[in-house]
Amino acid sequence: MNLFFISLQYIKARPLSNLLNTVILALGIAVIVFLLLASHQLEEKLIKNAKGIDLVVGSKGSPMQLILSAIFHIDYPTGNIGLEDARALARHPMVKQVIPMALGDSYKGFRIVGTDSRYPEHYKAEIAQGRWWKNDMEVTIGSKVAQASGLKVGDRFAGSHGMGDGVGDEHAEHQYVVTGIMKPSGTVLDNLVLTTIGSVWLVHEDHSKEDSTAHVPQVTNQPDTLSGLPPGKEGRELTVMLIQYRNPMAAIQLPRFINAQSRLQAASPAVEVARLFRILGVGVSVVQGFSYLIIVVAALSIFIALYNALKERRYDLAVMRALGASQTKLFALVMLEGLLIALAGSLFGIFLGHVMAASIGYLGEEAEQAQFTGLIFLVEECLILGGALLIGALTALIPAIGAYRTDISAVLAKGE
Amino acid sequence: MIDTTELSIEFAGGRKLTFAPWQLTQGEVSLLIGGSGSGKTTLIHLLAGLRQSSSGNITIAGANLAHMPKAQADRFRGRYIGLIFQQPHLLASLTVTQNLLAAQYFAGLPANSKRIAEVIAELNLSHRADAFPHQMSQGEQQRAAIARAMLNQPRVILADEPTASLDDDNCQAVANLLLLQAARYKATLVIATHDGRLKNLIPKHRCL
């Protein structure tokens, strides 16, 4: 027999009211924990994917859209840029490295990216099965792509025009062949189909003006398509280029230089990601404010329950004193009750928050891209737990003082 | 066992009660008789240390209860004084056995289930050991309250109108139990009452 047991018995004696208070508190805490987990993981993902990319160059349009489409592969590309412009920029002395990309097609909702070998190298991706693509019409697919589509090394498939699932026509006459599958890297590569830029050009060859060699894939052992810009005819286009600066000065001069050109636009991932967080931040703040409100209501509800219980229990408290309990013990008893409810509410809330984070992927295609997990625990959650216990202590304080001050003689003398 | 000098207590309204000195030896049994408002309950509460007197000394089992700090008085009461009220006042969310465990816990004594089983058996409640108070009859609840008062083998048992809400049969039974238990543990027993039925059973009494 101890205070903990007696507190628990009192909580069990009013199951509905205490359950309700626990659930309300848990809901408020779950939302806060979810926001914490989601924004932490989103930030981590954005940073991981944008790491080492100083500048994205594409055609004119929204810089945010350019970043979202080129780095995170969520939005649509702004348009194409001419190969000659790209070539000129790649030779610029302040540019250390460029990763060219040709976008436009997808397979079962996964984007087909025409690029070169520096793109997977940039993310330190590794091959799980098979080998990297080498020639036109060869692809290496991400782990998620392999998992979702069931494609294996050696399988053939046709891409479809556009970027959604089942949109646009299939390029049925051009079959890609899978040469390799990447290991999961936790980056955007997991959801991509990588091939040569030449493949993308090949698939989109204008049939009306085709010449005799247009449909012949390049098959060489050392195709220059694997590093650097491929040789292309007049009028060939790329979608974007990911650029690494050669020196810090480039950060100041290069974007200005590029944006001054009429056909090109440069966008900084760091700036746009920060802007994205500012925009998201407003929504997050609103939801956060609402969840704090829920917690305040829960705290109030716990307070009222304890306060009412105090009135019902004044005989019990007086009898405990008659049996030898000190005033401090009665104070502790009521405090313990508030703390236990707060503890149960916050543990349940943290659990619920993790379940919400884990299940967000099932809400839809866009959410699935985010790939949140409920299985990480953050230091901030200890802070939330501590805060909730503090709230429990605060709500129990006034009733506990009431218990401490109970005039036992007056209560017992009243009989009943 | 109980030794008081003249005790006085002042109430909030300015009303003042004084009690003449009173001595009771170990094992002595006495009724405390008086009309309502005469201060029976007040005196019982003073003797139990449930409230503080304005002046005077109360010596129980050799300790001066009137001058003890509150927490110490609480502990002393739990250990040496058994209290019985008109209503059983069992802790509603605990079973009979748990109520008795709580009595040991609050008195600062180690849990002793053997002693609990013994007391429950003495008061013929063994079949109700795991019952909650609301599942028991009034008589059973009062027996459980007596069991709780006896549990820690107190030197002094103070009962405040223990039979007022009981019928004749239960009144007789409770009175007999109190006398029997007090005799078994050689405890000094004071019963505050205006119940005429008890006067026939206990000759010695003190009027307020």
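Chains as they are written, first to last, in the numbering used here: chain H, 1 to 416; chain E, 1001 to 1208. Virtual Cβ for every residue (Gly too), placed ideally from N, Cα, C.
Runs of beta strand (DSSP E) lying entirely within the segment 1176-1200 of chain E, each at least 3 residues, in chain order: 1188-1193
message: Comparing C-alpha positions only, which one of H:Leu317, H:Tyr107, H:Gly392, H:Asn259 sits nearest to H:Ser149?
response: H:Tyr107
query: With a Cβ-Cβ cutoff of 9 Å, do E:Ser1154 and E:Ile1081 count as a contact?
result: One point to set straight first is that residue 1154 of chain E is Pro, not Ser, in the sequence displayed. Closer than 9 Å, so yes.
- prompt: Which word fits H:Pro15, buried or exposed, when buried means at least 16 other C-beta atoms lie within 10 angstroms of its C-beta?
  reply: exposed
query: Going along chain E, which residues have a C-beta under 8 Å from H:Asp190?
result: The premise fails here: H:Asp190 is roughly 55 Å from chain E at the closest Cβ pair, so nothing lies under 8 Å.
- prompt: What's the call for H:Met335, buried or exposed, on a 16-neighbour Cβ count within 10 Å?
  reply: buried
query: For E:Ser1030 versus E:Thr1018, is the C-beta distance shorter than 9 Å?
result: no
Residue span of the beta strand (DSSP E) that contains H:Ala102, given as start and end: 95-107
- prompt: Since E:Asp1160 and E:Ile1002 are thought to touch, with beta carbons under 8 Å apart, how far apart are those beta carbons, to the nearest angstrom?
  reply: In fact, because the Cβ distance is near 15 Å, the residues do not count as touching under 8 Å.
message: In this structure, how does DSSP classify E:Thr1215 when only helix, strand and coil are distinguished?
response: With chain E represented from 1001 up to 1208, any question about residue 1215 of chain E goes unanswered, as that position is not in the structure.
message: Against H:Val319, what residues of chain E qualify as contacts under a CB-to-CB distance less than 7 Å, listed in chain order?
response: For the C-beta of H:Val319, the chain E residues within less than 7 Å are, from N- to C-terminus, His1089, Leu1091.
Local Cβ density within 10 Å of H:Leu441, reported as buried at 16 or more and exposed below that: In the structure as shown, chain H begins at 1 and stops at 416. Residue 441 of chain H is therefore absent and cannot be evaluated.
Rounded separation between H:Leu226 and H:Tyr245 - CA only: Unreliable positioning characterises H:Leu226 in this predicted model, as indicated by a pLDDT of 47, which lies under 50. The coordinate reading is nonetheless provided below. Near 21 Å, if we compare the C-alpha coordinates of H:Tyr245 and H:Leu226.
query: In terms of residues, what are the limits of the alpha helix (DSSP H) holding H:Ala357?
result: 327-359
- request: Just the chain H side, please: which residues come within less than 8 Å of E:Arg1075 by C-beta, in chain order?
  value: Gly324, Ser326
message: In whole angstroms, give me the CA-to-CA distance for H:Ser39 and H:Ala125.
response: 25 Å
query: What is the DSSP secondary structure of E:His1067, counted as helix, strand or coil?
result: In this structure, E:His1067 counts as helix in the three-state DSSP scheme.
- request: Assign E:Thr1163 to one of three DSSP states: helix, strand, or coil.
  value: coil
H:Ile408 at chain E interface by Cβ criterion, 9 Å: Interface annotation, H:Ile408: in contact with chain E, CB-CB separation under 9 Å.
task: Note the first and the last residue of the continuous beta strand (DSSP E) segment covering H:Gln265.
output: Here the beta strand (DSSP E) through H:Gln265 covers 264-267.
message: For H:Leu272 and H:Asn259, what's the separation of their Cα atoms in angstroms?
response: For the record, residue 272 of chain H in the displayed sequence is Glu; it is not Leu. Looking at the two C-alpha atoms, the distance is approximately 16 Å.
- prompt: Short check: CB of E:Ala1175 to CB of E:Arg1197, under 9 Å?
  reply: yes
message: Under 8 Å, with one C-beta from each stretch per pair, do the segment 264-283 of chain H and the segment 103-121 of chain H reach the 3-pair mark?
response: no
message: Rounding to the nearest angstrom, what Cα-Cα distance links H:Val284 and H:Ile360 in this structure?
response: For H:Val284 and H:Ile360, the distance between alpha carbons rounds to 16 Å.
- prompt: Which bits of chain E does H:Ala344 rub up against, with CB to CB less than 8 Å?
  reply: In chain order: nothing, as chain E lies at least about 17 Å away.
query: chain H beta carbons: is any one of them nearer than 9 Å to that of E:Gly1108?
result: yes
query: Do you know offhand how far E:Leu1158's Cα is from E:Glu1028's?
result: 12 Å
message: Can you give me the C-alpha to C-alpha distance between H:Pro93 and H:Thr140, rounded to a whole angstrom?
response: 32 Å
Option nearest E:Arg1075 by Cα separation, candidates H:Pro399, H:Val188, H:Lys329, H:Ile401: H:Lys329
- prompt: Around the Cβ of H:Leu421, are there at least 16 other Cβ atoms within 10 angstroms (buried) or fewer (exposed)?
  reply: Outside the displayed span of chain H (1 to 416) sits residue 421 of chain H, for which this structure offers no information.
query: Applying a beta-carbon distance threshold of less than 8 Å, which residues of chain E neighbour H:Met1?
result: Ordered by position in chain E, the residues that pass the 8 Å Cβ test against H:Met1 are Gln1098, Leu1101, Ala1102, Gln1104, Tyr1105, Ala1111.
- prompt: Is E:His1134 helix, strand or coil by DSSP?
  reply: Helix, per DSSP.
message: Whole angstroms are fine: how far does the CA of H:Leu394 sit from the CA of E:Gly1139?
response: Those two C-alpha atoms are separated by around 42 Å.
message: Run through the DSSP bridge pairs and tell me what E:Asp1003 is partnered with.
response: E:Gln1023, E:Thr1059
message: According to DSSP, is E:Gly1139 part of a helix, a strand, or is it coil?
response: helix
message: Quick check: is the beta carbon of H:Tyr315 nearer than 9 Å to any beta carbon in chain E?
response: yes
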